[in-house]
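Have a look at the structure below before the remarks.
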Ligand code: HEC
Ligand code: HEC
């Protein structure tokens with residue numbers, strides 16, 4: 001028979017092991033989110049001449065977004081202490097992502113999608129921070145963004161606790177994936193004074209000039225379930241192919257702005273939830 005001491009040792013070993021597994025799971029979740037559906041690098045990683053994100057500059061910033069209202073430079077979010085966010089606490093990084101406030105109290109401007117990130121669950125935002133701590137620190141100073149519009153004083157009251165959305169409710173989980181995580185609808189819904197007009201969710205029509213510095217103009221598509229103007233008549237596989245392989249229903253290659261390099265890695269479970277959600281929203285059309 002095992003002695004009490006032996007039993008205690010086994011209990012200790014098991015609990016240490018389950019902590020390690022929890023930490024590993026959190027990291028794996030953060031890695032998945034950042035490098036697929038959330039695609040922080042679509043804005044925070046600069047592009048090379050081939051227009052692909054530069055691997056050695058993973059999340060090191062200085063990617064520039066030009067609009068009439070601003071010239072924004074995405075900051076360095078690697079753990080470098082001087083030019084990145086290595087000196088910020090976990091709580092400070094979480095506040096920056098979900099509330100758009102830096103440790104010094106200044107407000108983060110667009111196009112960082114703070115309004116949707118407010119809905120990100122505690123587990124997911126913690127997973128993202130855990131992952132950000134593990135990436136290579138890169139020394140890279142980024143210029144300050146310039147805004148010709150006033151920035152909001154805040155994006156709302158402090159975000160306290162956001163529970164996970166149960167995956168069994170596929171449509172609700174799909175809404176969470178498409179908004180709080182993927183910000184699909186920010187790009188695919190007409191903006192009024194910078195904020196998506198929710199009565200026209202999925203109608204598209206937003207114009208992206210020179211996305212990722214590439215000389216072209218892309219217009220976001222109608223991804224509501226309208227049978228002619230939207231994706232109502234598409235099969236699930238056609239929608240999956242558009243998201244993960246940048247290919248439209250008729251085989252046309254889709255233009256950037258949409259984070260294709262990242263969406264290649266979106267899981268099948270998340271794709272199916274996104275599709276269930278897209279099929280559930282009201283169809284939208286231009287008369
Ligand atoms: C659509 C583009 C876009 C996406 C996607 C995006 N960001 Fe940002 N982010 C920005 C821009 C631009 C700024 C700087 C805005 C400014 O200068 O006020 C910023 C600012 C930040 C800051 C503040 C850093 C500092 O030093 O001021 C943090 C932290 C941050 N982002 C983290 C993230 C994380 C983590 C993700 C993914 C969960 C993410 N961002 C996704 C564009 C984006
Ligand atoms: C940064 C902006 C942006 C984000 C984020 C984004 N998209 Fe797009 N999307 C676009 C643009 C722009 C196009 C049009 C590209 C073209 O016509 O070549 C497009 C095209 C599409 C198409 C093809 C429609 C057609 O008629 O060919 C689908 C489907 C789609 N997006 C779904 C999604 C989903 C689902 C998400 C989230 C997982 C998403 N998009 C996130 C900008 C975005």
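Numbering (our numbering), first residue to last: 1 to 287.
Even for Gly, the Cβ is constructed at its ideal location relative to N, Cα and C.
- Contact annotation: residue 108 and residue 128 have beta-carbon atoms that are not nearer than 9 Å.
- Restricting attention to alpha helix (DSSP H) runs no shorter than 4 residues, the region 98-124 encloses them at 114-117, ordered along the chain.
- In this structure, residue 132 has its beta carbon less than 8 Å from a heavy atom of ligand 1.
- Per the Cβ contact rule, the region 113-131 is in contact with the region 20-27 (3 or more Cβ pairs under 8 Å).
- At least one heavy atom of ligand 1 sits closer than 8 Å to the Cβ of residue 76.
- Uninterrupted alpha helix (DSSP H) stretches at least 4 residues long and entirely within the region 202-254 occur at 236-245, given in chain order.
- Taking the Cβ atoms as the reference, residue 281 lies roughly 6 Å from residue 201, within the contact range of under 8 Å.
- Distances between the C-beta of residue 188 and the heavy atoms of ligand 1 are all 8 Å or more.
- Membership of residue 70 in the beta strand (DSSP E) is indicated by the continuous run 70-73.
- By the CB criterion at 9 Å, residue 252 and residue 231 fall outside the cutoff.
- The residue among 143, 68, 258 with its C-alpha nearest the C-alpha of residue 83 is 143.
- If you look at residue 159, you'll find it isn't in any alpha helix (DSSP H); DSSP assigns it neither H nor E.
- Residue 218 and residue 234 have their C-alpha atoms spaced approximately 21 Å apart.
- Within the DSSP bridge table, the entry for residue 66 names 71 as partners.
- Between residue 122 and residue 172, the C-beta spacing is not below 9 Å.
- With 16 or more other Cβ atoms inside 10 Å of its own Cβ, residue 40 counts as buried.
- Contact between the region 169-188 and the region 265-279 is present: three or more C-beta pairs spanning the two stretches fall below 8 Å.
- CA-to-CA, the gap between residue 32 and residue 260 works out to about 15 Å.
- For residue 156, the closest of 9, 3, 17, 114 by C-alpha to C-alpha distance is 114.
- Judged by beta-carbon spacing, residue 43 lies within the 9 Å limit of residue 74, meaning their Cβ atoms are closer than that value.
- Shortest gap from the CB of residue 194 to any heavy atom of ligand 1: 8 Å or more.
- Inclusion of residue 73 in the 8 Å shell around ligand 1 follows from its C-beta lying nearer than that to a non-hydrogen atom of the ligand.
- With a cutoff of 9 Å on beta-carbon distance, residue 90 and residue 126 are scored as near each other.
- Rounded to the nearest whole angstrom, the C-alpha separation of residue 10 and residue 23 is 20 Å.
- For residue 277, the uninterrupted alpha helix (DSSP H) run begins and ends at 268-280, by DSSP.
- In this chain, the alpha helix (DSSP H) harbouring residue 31 covers 4-35.
- In the DSSP assignment, residue 43 falls within the alpha helix (DSSP H) that extends over 41-44.
- Residue burial annotation: residue 120 is buried, with at least 16 other C-beta atoms found within 10 angstroms of its C-beta.
- At least one heavy atom of ligand 2 sits closer than 8 Å to the Cβ of residue 258.
- Non-local C-beta neighbours of residue 57 in its own chain, meaning closer than 8 Å and more than five positions away in sequence, comprise 45, 46, 138, 140, ordered along the chain.
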